[in-house]
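The structure appears below as structure tokens.
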């Protein structure tokens with residue numbers, strides 16, 4: 001990883017997941033800032049109001065959340081991404097092992113990868129590829 005700070009948005013309604021991923025990513029680099037969002041609406045609002053140079057390098061997105069789920073987030077992001085100066089890679093992270101979900105991810109160009117919970121070192125390597 002480079003020496004400049006990189007921002008990662010974690011969009012997940014599970015506070016324990018936020019704690020775990022912050023710990024795991026924190027061991028990878030001192031130059032990584034993890035910003036937590038417990039709902040997708042807050043993350044979208046932050047994306048639309050953030051100055052371009054401080055956009056996240058990566059978004060880790062839960063599939064199943066209250067109110068707005070991961071797929072709804074992707075739809076809203078599609079409308080927003082034209083105003084962003086850079087494309088932000090998104091990794092879907094979910095406890096779902098449903099084959100239909102995995103196939104849908106493969107047909108969603110905004111999603112770079114699909115990883116299942118719980119996280120482990122191999123799944124963390126997938127995340128690191130996009131940082």
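In full-length UniProt numbering, the protein residues as written are 1 to 131.
Each residue gets a CB set at the ideal place from its N, CA and C atoms; glycine is no exception.
This one's a predicted model, so the numbers in the text were calculated from it and none came from an experiment.
**Asked** Around the C-beta of residue 56, are 16 or more other C-beta atoms found within 10 angstroms, so that it is buried, or is it exposed?
**Response** Reading the chain shown from its first residue, position 56 is the one you call residue 56. Classification for residue 56: buried.
**N- and C-terminal bounds of the alpha helix (DSSP H) containing residue 47** = Your numbering for residue 47 matches position 47 in the chain shown. It spans 40 to 49 - the alpha helix (DSSP H) in which residue 47 sits, taken as one unbroken run.
**Prompt:** Does the beta-carbon of residue 97 have 16 or more other beta-carbons within 10 angstroms, so that it is buried, or is it exposed?
**Reply:** Along the chain shown, one-based indexing puts residue 97 at 97. Around the beta carbon of residue 97, fewer than 16 other beta carbons lie within 10 angstroms, which makes this residue exposed.
**Message:** So, does the segment 14 to 28 touch the segment 74 to 83, judging by three or more C-beta pairs under 8 Å?
**Reply:** Taking a cut-off of 8 Å on C-beta distances, the segment 14 to 28 does not touch the segment 74 to 83, as fewer than three cross pairs fall below it.
**Request:** Rounded to whole angstroms, what's the CA-CA distance from residue 64 to residue 4? Just pull it up for me.
**Result:** For the purposes of this step, residue 64 is taken as residue 64 along the chain shown, with counting starting at 1. For the purposes of this step, residue 4 is taken as residue 4 along the chain shown, with counting starting at 1. Straight-line Cα distance between these residues: approximately 32 Å.
**Message:** Taking contact to mean 3 or more Cβ pairs, one atom from each stretch, closer than 8 Å, check whether the segment 89 to 109 and the segment 34 to 49 are in contact.
**Reply:** No, the segment 89 to 109 does not touch the segment 34 to 49.
**Item:** Alpha carbon of residue 87 to alpha carbon of residue 102, nearest angstrom
**Value:** Residue mapping note: residue 87 aligns to position 87 of the chain shown, counting from 1. Residue mapping note: residue 102 aligns to position 102 of the chain shown, counting from 1. Residue 102 has its alpha-carbon roughly 22 Å from the corresponding atom of residue 87.
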